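Engineer: Listed in order, the protein sequences are those of chains C and B. Numbering-wise (the working numbering), the first sequence opens with residue 1 and increments by one. Numbering-wise (the working numbering), the second sequence opens with residue 1001 and increments by one. Note that the Cβ used here is the ideal one computed from N, Cα and C, for glycine as well. These numbers come from a predicted model, not from an experiment.
Protein chains: 2
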Amino acid sequence: MRVLGLDPGLRRTGWGVIDAEGTRLVHVANGVITSDDKAELADRLVQLHRGIEAVMAAQEPDEAAVEVSLANKNPASTLKLGMARGIALLTPALAGLLVGEYLPMIVKKSVVGTGHATKEQVQMMVQRLLPGCEIKNADSADALALAICHAHNRETDRKWTRGGEDPLQMALAGRRRR
Amino acid sequence: MRVLGLDPGLRRTGWGVIDAEGTRLVHVANGVITSDDKAELADRLVQLHRGIEAVMAAQEPDEAAVEVSLANKNPASTLKLGMARGIALLTPALAGLLVGEYLPMIVKKSVVGTGHATKEQVQMMVQRLLPGCEIKNADSADALALAICHAHNRETDRKWTRGGEDPLQMALAGRRRR
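1) Are Asn1016/B and Ala1147/B close, meaning C-beta to C-beta below 8 Å?
2) What are the complete beta strand (DSSP E) segments, minimum 3 residues, inside the region 63 to 117 of chain C?
3) Check the Cβ of Lys119/C against every Cβ in chain B and list those closer than 8 Å, keeping chain order.
4) Could you please tell me which residues of the region 44 to 78 of chain C, in chain order, have their CB closer than 7 Å to any CB of chain B?
5) Can you tell me which residues form a DSSP beta bridge with Leu6/C?
6) Is the shortest distance between the beta-carbon of Glu101/C and the beta-carbons of chain B less than 8 Å?
7) Out of curiosity, what's the CA-to-CA distance linking Met1/C and Val28/C?
8) Can you tell me where the alpha helix (DSSP H) with Gly224/C in it begins and where it stops?
9) Taking the alpha-carbon positions, what's the Gly100/C to Glu1060/B distance?
10) Given that a residue counts as buried once 16 or more other Cβ atoms are within 10 Å of its Cβ, and exposed if not, what is Gly1113/B?
11) Taking buried to mean at least 16 other C-beta atoms within 10 Å of its own C-beta, is Asp1157/B buried or exposed?
12) Any chance the region 1121 to 1133 of chain B sits against the region 1067 to 1087 of chain B, with 3 or more Cβ pairs inside 8 Å?
13) Considering only residues of the same chain and omitting the five flanking positions on each side of Cys149/C, which have a CB-CB separation below 7 Å?
14) Pairs of beta-carbons, one from the region 1038 to 1047 of chain B and one from the region 5 to 25 of chain C, closer than 8 Å: are there three or more?
15) Bridge partners for Ala1179/B per DSSP, in chain order?
16) Looking at the C-beta of Lys1080/B, does it have a partner C-beta in chain C at a distance below 8 Å?
17) Assign Ala1057/B to buried or exposed, taking buried as 16 or more other Cβ atoms, counted over all protein chains shown, within 10 Å of its Cβ.
18) Just the Cα atoms here: how many angstroms apart are Leu129/C and Arg1050/B?
19) Using 10 angstroms around the beta-carbon of Cys1075/B, count the other beta-carbons present and answer buried if the total reaches 16, otherwise exposed.
20) According to DSSP, which residues form a beta bridge with Thr1034/B?
21) I'd like the span of the alpha helix (DSSP H) that includes Leu1129/B, first residue to last.
22) Flag Ile1106/B as yes if its beta-carbon sits less than 8 Å from any beta-carbon of chain E, otherwise no.
23) Please report the distance separating the alpha-carbon of Glu1063/B from that of Lys1119/B.
24) Have a look at Glu53/C, Gly115/C, Thr34/C, Ala151/C and flag the residue whose alpha-carbon is nearest the alpha-carbon of Asn137/C.
25) Assign Thr23/C to buried or exposed, taking buried as 16 or more other Cβ atoms, counted over all protein chains shown, within 10 Å of its Cβ.
26) For Lys1073/B, is the classification buried or exposed, using 16 other Cβ atoms within 10 angstroms of its Cβ as the cut-off for buried?
27) Using a Cβ-Cβ cutoff of less than 7 Å, which residues in the same chain neighbour Ala20/C once the five nearest sequence positions on both sides are dropped?
28) With distance defined between alpha-carbon atoms, name the residue in Ile1018/B, Ala1054/B, Val1026/B, Arg1012/B nearest to Asp1036/B.
29) Please go through the same chain and pick out, in chain order, the residues whose beta-carbon is closer than 7 Å to the beta-carbon of Ala143/C, but skip the five residues on each side of it.
30) What does a CB cutoff of less than 6 Å around Val1026/B pick up in its chain, not counting 5 residues either side in sequence?
31) So with CB distances below 8 Å, who are the chain B contacts of Met83/C?
32) Per DSSP, what are the beta-bridge partners of Arg24/C in this structure?
33) Along chain C, in chain order, which residues have C-beta atoms closer than 7 Å to that of Leu1041/B?
34) Select from Leu98/C, Gly82/C, Ala117/C, Ala145/C the residue whose C-alpha is nearest the C-alpha of Ala1039/B.
35) Mapping DSSP to helix, strand and coil, what is Cys204/C?
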C-alpha cells in the first residue's frame, strides 16, 4: 500500500510518499508545494490543489493522511490554515482515495513513541524508519511522519475517527483542562 | 454578466445567481448546498465541491463572489469555516471564473446602504432589488446579497482586494480598536 502524507499550509504544504509492505516501510519521495503569496487567495488554493494533483499523478498513492492541525491563536491564520487543510482533504478524496486525519500528538506518538516529541526527534525517527531517505525540508519530514503514522494506525484510527468523536474537539477539550 | 454568490459553511452553503445588465439586476436562481454531517470531513468537502460544480453547470455564471466571513470565537468552528470557504473559493477559480471576496459589512453597505444592517433588512432589500425573486432561505438570501454586492462593486473592489490589503485583517484590526 502506498500512502501520501500531507502537512497542509497555505504558503507551504509538505508531502511525503511511502510504501507500506506489512510492517516494512520504504521511502518513495517527498517535497513541498508552495503557493505564490502575491496571488489572490482563490488562485493560491488552485495552486495547492494542482500541486497535490501533480504529486498524486506522479506517485499514484492508494491512501492519504492529513494533519488535523490545532487552531492557531490568530483567527485570520486559523481561517487560512482551514482553507489549506480543506484543499488537502478534498483533493485526494475527489480522486477516490481514503483520507485519514491525525492529530500532531498521534503522529509523534506513532513515530517517536511519545506525544511530546520535538520536531528534531520526529525528523530523526523518520530518517531511521525510512533508511536512505533524503528529507528535503521540515514540512516534508512532517508529511513523511504522517504517512508512517497512517501505515501504523490506519485500521484502529479509522474506527476511532469514524466513531463520531471529533479528534480536534477532543484535543481542544484536553487543552482547556490543562 | 451572470454572477454566482456563495455564502460558505460546512453544513450549509447558500448560493444565489443574478444577471447584471448595466445597472439592471435580474434574479436567476437561489438555493442551498448541504453536506451530510454524519459523513467524514473529506467526504463533506467533496459534497460541497460537487454541489457548487452542479450549480455552475446548471446556471453558467461568468464570475463569482464569496463572503470573507469573520472568524468565529471557537477555533474548531473557525477551522471548519475556513475549509468550507476554501472549497467555495477553489471551485469557481478552478473553472476559470474571477472570484471576488467581500466582507459582510461591505455586502450590507452595498445592498442596504449601511454596514450595520440587520439580516432582515438585507433580505428585504434583496427582495426589492430582485423583483419577483422567491428567496428560498436565509443562506441563499445572503448569497444573493453577495452577488448584488459584486455587481455593484466589482471594479473598485477588485482594485481594493488586489492592492495587497487583506480585508479580513483590516476588519479584525477594526474590531480590536472598538
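Structural biologist: Straight from the coordinates:
1) Residue identity check: residue 1016/B is Gly in the sequence provided, not Asn. Yes, they are a contact pair.
2) Positions of the beta strand (DSSP E) runs, each at least 3 residues long and wholly inside the region 63 to 117 of chain C, are given as 63 to 67, 98 to 102 in order along the chain.
3) Neighbours of Lys119/C on chain B: none; closest Cβ ~22 Å, over 8 Å.
4) Leu45, Val46, His49, Ala71, Pro75, Ala76, Thr78
5) Trp15/C, Val66/C
6) Yes, contact with chain B.
7) In a straight line, the C-alpha of Met1/C is about 12 Å away from that of Val28/C.
8) Lying before the first or after the last residue shown, residue 224/C is absent from chain C, which here runs from 1 to 178.
9) 35 Å
10) The residue is exposed, with fewer than 16 neighbouring Cβ atoms inside 10 Å.
11) Because Asp1157/B carries a pLDDT of 49, less than 50, the predicted location of this residue cannot be relied on, and the following value inherits that uncertainty. Classification of Asp1157/B: buried, given that the 10 Å Cβ count is 16 or more.
12) no
13) Excluding positions up to five away in sequence, the list reads Ala65, Tyr102, Ile106, Val107, Ser110, Val111.
14) no
15) No answer is possible for residue 1179/B: it lies beyond the span of chain B, which begins at 1001 and ends at 1178.
16) yes
17) Ala1057/B counts as exposed, since fewer than 16 other beta carbons sit within 10 angstroms of its beta carbon.
18) The C-alpha of Arg1050/B is placed about 39 Å away from the C-alpha of Leu129/C.
19) Checking the displayed sequence, the identity of residue 1075/B turns out to be Pro instead of Cys. Pro1075/B counts as buried, since no fewer than 16 other beta carbons sit within 10 angstroms of its beta carbon.
20) Arg1012/B
21) 1119 to 1129
22) The question asks about chain E, but that chain is absent: this structure's protein chains are C and B.
23) 24 Å
24) Cα-wise, what sits closest to Asn137/C is Thr34/C.
25) exposed
26) So Lys1073/B ends up on the exposed side.
27) If the five residues before and after Ala20/C are omitted, its C-beta is found closer than 7 Å to the C-beta atoms of Met1, Val3, Ala151, all from its own chain and listed in chain order.
28) Among Ile1018/B, Ala1054/B, Val1026/B, Arg1012/B, the Cα nearest to that of Asp1036/B is on Arg1012/B.
29) Gly5, Leu6, Asp7, Gly14, Trp15, Gly16, Asn30
30) Result list for Val1026/B: Asp1019, in chain order.
31) Gly1082, Met1083, Arg1085, Gly1086, Leu1089
32) Glu21/C
33) Neighbours of Leu1041/B on chain C, chain order: Leu89, Glu101.
34) When only C-alpha atoms are compared, the closest one is Leu98/C.
35) No answer is possible for residue 204/C: it lies beyond the span of chain C, which begins at 1 and ends at 178.
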